[in-house]
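**Q**
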Amino acid sequence: MAVINVNYLEFSKLLGKRLSKEEIEEALMHIKCELSGFDGEYMSIEVKDFYRIDLLSLAGLVRELKGFFGIEVGIPNYKVEFSGREVIVDREVEKIRPFIACAIVEDIDMNEERLKDIIQMQDKISFSFGNRRKKIAIGTHNAELIDFPVYYKAVDPEEVSFVPLFEEREMSLREILEKTKTGKLYGNLLKGFSKYPVLMDKKGKVISFPPIINSNDIGRLTEETRNIFIDVTGSSLNDVIFVLNSIVTILADYGGKIKSLKIVYGDRDIITPDLRIISREFLISDIFKWIGISMDKDEIKDILGRKRINCKFNNDRIIVEYLNYRKDINTDQDVAEEIIVGYGINRLKLRYPSIYTKGSLTIRRKTINTLRKIMVSLGSIELYTTVLVNEDINKLFTEGEIIRIRNPASENYNSIRSSILSSVFQVMQGMGSIKLPAKLFEVGRVSYYEGGLKEDDRLLYLYLNSEVSFSDVLSVLERLFKEIKIDFDLKESNHKFLIEGRQADIYIGSNLIGWIGEINPEILEKLEIKYPVAGFEISVGELINKMKDDNRT
1 MAVINVNYLE
11 FSKLLGKRLS
21 KEEIEEALMH
31 IKCELSGFDG
41 EYMSIEVKDF
51 YRIDLLSLAG
61 LVRELKGFFG
71 IEVGIPNYKV
81 EFSGREVIVD
91 REVEKIRPFI
101 ACAIVEDIDM
111 NEERLKDIIQ
121 MQDKISFSFG
131 NRRKKIAIGT
141 HNAELIDFPV
151 YYKAVDPEEV
161 SFVPLFEERE
171 MSLREILEKT
181 KTGKLYGNLL
191 KGFSKYPVLM
201 DKKGKVISFP
211 PIINSNDIGR
221 LTEETRNIFI
231 DVTGSSLNDV
241 IFVLNSIVTI
251 LADYGGKIKS
261 LKIVYGDRDI
271 ITPDLRIISR
281 EFLISDIFKW
291 IGISMDKDEI
301 KDILGRKRIN
311 CKFNNDRIIV
321 EYLNYRKDIN
331 TDQDVAEEII
341 VGYGINRLKL
351 RYPSIYTKGS
361 LTIRRKTINT
371 LRKIMVSLGS
381 IELYTTVLVN
391 EDINKLFTEG
401 EIIRIRNPAS
411 ENYNSIRSSI
421 LSSVFQVMQG
431 MGSIKLPAKL
441 FEVGRVSYYE
451 GGLKEDDRLL
461 YLYLNSEVSF
471 SDVLSVLERL
481 FKEIKIDFDL
491 KESNHKFLIE
501 GRQADIYIGS
511 NLIGWIGEIN
521 PEILEKLEIK
531 YPVAGFEISV
541 GELINKMKDD
551 NRT
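Just so you know, UniProt numbering puts 72 at position 72 of the sequence shown, and the rest follows in order with no gaps.
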């Protein structure tokens, strides 16, 4: 969650009314925000929705609150005119930072507080949604100092130099990475590339060195700046356009006029920003199922209008329409959430269960607790890692289809693990050195495809040392099965993440329940883990089935 600072007087001026602290607290709850501090001059506001990047600014907050107070309802209206200008993209940036979206916003009614807000908005979006500039980086520049067309190209880091923002002398791109604060902070994003991306104008002046820093000349905004050129670069075309859409609407709320540009790629041209209305259709019955309270259609229409969403009804369906500076409305649950938040969570009445049940531990929980106690008694340290993991790491340990997240909050958590190995190694990758020897285990949930989507609980055990062997982990496996009084067999296996000839599949009778072996050193090297690892992973669900067959649950 991101926290922004907002000037109270500027907030009141834009909103057109003064609110008390209590009124602000109440209003913010209806737009998924929270007042976390107020000293009479500045308000600290926590934005609780990752995808509502439009709320990471004073203007975006006011736009949403104008809906809540009924000052302006329904889809906001923005006019976009084509500027006739171009940004030409060099093919060489494809492998570095492939996508860019740009716009110009003219005649902005700028002042000190609005300038602070624009800079804050850039930083907050780049850090949160932009994943610390890896996914998205934003540049804002004085458009009056730029000669079009603009070129987005890859250059030799020693051959191009300029004065970076807040510096006093020219530096080469490599010097910027080595000697400036932002270069040291974000230089890792360009690690391994022989060329770096830059934005240059027609006369060869450097506008920006994305995702690192702007030019001190063109990229320094002041209270006198009226016309702003915005560039958004990143790894996804949809994301850079989405972010640009959000930024230009915010600048337009400061009185600016939005001008689009042609982005010239080698095989196609696009016009950005791309502001358009998105329409989605859902069953009314599905919406009511999630709402859980009785509402008539007029009340729903009024609530959504105050959430800056249009809606209409067609027999048994509801059609919602919204401007695409939002990307958080995809399912009937999302629409229901908008309605409930707009209605007011505090207005909902508590409902108690209609039946009485006595709680007790499930067979699954009893089994997991037993396994945990055994592993601790064997000298192992228990881990708790996330179910969501980076897709690239997940692929290293998944031999089937990867289950991806549609709208991940971060690229580090964009898929669901099919093996606990994925999440444990993701944690180990960021740990650096670790005290050896180490015995680690985790019991947790995994998901995978096998004739459909399935879930299971698994027990993972890992042994880390300067030297490890198959027999090291086999002795632990034997002790575990002796404790739970179940016999097992080993059969030859061929898993890509294990060393050939030093691995096996684990069976109970004819049922495959897991694997055991030494982790492939190529994977360890890729994850920058400098010590050998061996281990096993078994299905808790299969153990429970066996215990049920033996009437021991």
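Built from N, CA and C at the ideal position, the CB exists for glycine as well.
(1) At what residues does the beta strand (DSSP E) containing Asp231 begin and finish?
(2) Under 7 Å Cβ to Cβ from Phe488, same chain only, skipping five residues before and after it: list those, please.
(3) State yes or no: is the C-beta of Glu483 within less than 8 Å of the C-beta of Ile374?
(4) Identify the residues that DSSP records as bridge partners of Val468: which are they?
(5) Would you give the residue range spanned by the beta strand (DSSP E) that Glu281 belongs to?
(6) Within the segment 65-109, note down every full beta strand (DSSP E) run reaching 3 residues or more, in order along the chain.
(7) For Arg365 and Glu25, what's the separation of their Cα atoms in angstroms?
(8) Under a three-way DSSP split, which group does Tyr531 fall into?
(9) Who does Gly541 pair with in a DSSP beta bridge?
(10) Taking the alpha-carbon positions, what's the Asp217 to Leu165 distance?
(11) Out of Asp302, Tyr461 and Val206, point me to the one whose CA is closest to Asn310's CA.
(12) Name the residue from Tyr461, Tyr448 and Ile516 whose alpha carbon lies nearest to the alpha carbon of Phe470.
(13) Give me the DSSP bridge partner(s) of Val3.
(14) Quick check on DSSP: helix, strand or coil for Lys134?
(15) Tell me, please, which residues DSSP counts as bridged to Ala200.
(16) Would you grab the beta carbon distance between Leu65 and Ile118 for me? Rounded to a whole angstrom, and I think it's under 8 Å.
(17) Evaluate contact between the segment 183-191 and the segment 207-221, counting only Cβ atoms and requiring at least three cross-stretch pairs below 8 Å.
(18) Is the CB of Phe11 under 8 Å away from at least one CB in chain B?
(19) Does the structure place the segment 254-268 close enough to the segment 83-94 that three or more beta carbon pairs sit under 8 Å?
(20) For Ile376, count the other beta carbons within 10 Å of its own beta carbon; 16 or more makes it buried, fewer makes it exposed. Which is it?
(21) Thinking C-beta only, is Pro149 closer than 8 Å to Val87?
(22) With a 10 Å radius around its C-beta and 16 neighbouring C-beta atoms as the bar for buried, classify Glu113 as buried or exposed.
(23) Going by other Cβ atoms of all chains shown within 10 Å of its Cβ, with 16 needed for buried, is Leu173 buried or exposed?
(24) By the 10 Å Cβ neighbour count, where 16 or more other Cβ atoms means buried, how is Leu15 classified, buried or exposed?
(25) Output yes or no for whether 8 Å exceeds the beta carbon distance between Ile53 and Ile277.
(26) With the cut-off set at 8 Å, would you say Leu459 and Val443 are in Cβ contact?
(27) When the Cα atoms are used, what is the spatial distance from Asp269 to Ile241?
(28) Measuring only the C-alpha atoms, how far is Val89 from Glu492?
(29) To the nearest angstrom, how far is the alpha carbon of Val424 from that of Arg347?
(30) Which of the three DSSP states, helix, strand or coil, is assigned to Asp267?
(31) Rounding to the nearest angstrom, what Cα-Cα distance links Lys485 and Glu478 in this structure?
(32) With DSSP run on the structure shown, which of helix, strand or coil describes Pro164?
(33) Under 8 Å between the Cβ atoms of Phe282 and Val335?
(34) Would you give the residue range spanned by the beta strand (DSSP E) that Leu440 belongs to?
(35) Could you name the residues that DSSP lists as bridge partners for Asp456?
(36) Between Leu490 and the rest of its own chain, which residues show a CB-CB distance below 6 Å, the 5 nearest in sequence each way excluded?
**A** Let's see:
(1) Ile228 to Gly234
(2) Phe481, Ile506, Tyr507 and Ile508
(3) yes
(4) For Val468, which the question treats as bridged, DSSP gives no partner whatsoever.
(5) Ile277 to Leu283
(6) 80-89 and 99-106
(7) 41 Å
(8) coil
(9) Gly541 is not bridged to any residue.
(10) 8 Å
(11) Asp302
(12) Ile516
(13) Glu46
(14) coil
(15) Ala is not the amino acid found at residue 200; the sequence shown has Met there. Its beta-bridge partners are Tyr151 and Val206.
(16) Not quite, the Cβ-Cβ distance comes to about 19 Å (not below 8 Å), so this is no contact.
(17) yes
(18) The chain labelled as chain B is not found in the depicted structure, where only one protein chain is given.
(19) yes
(20) For the sequence presented, residue 376 should be read as Val rather than Ile. With fewer than 16 Cβ atoms within 10 Å of its Cβ, Val376 is classed as exposed.
(21) yes
(22) buried
(23) buried
(24) buried
(25) no
(26) yes
(27) 14 Å
(28) 53 Å
(29) 43 Å
(30) coil
(31) 10 Å
(32) strand
(33) yes
(34) Ala438 to Tyr449
(35) Val446
(36) Ala504
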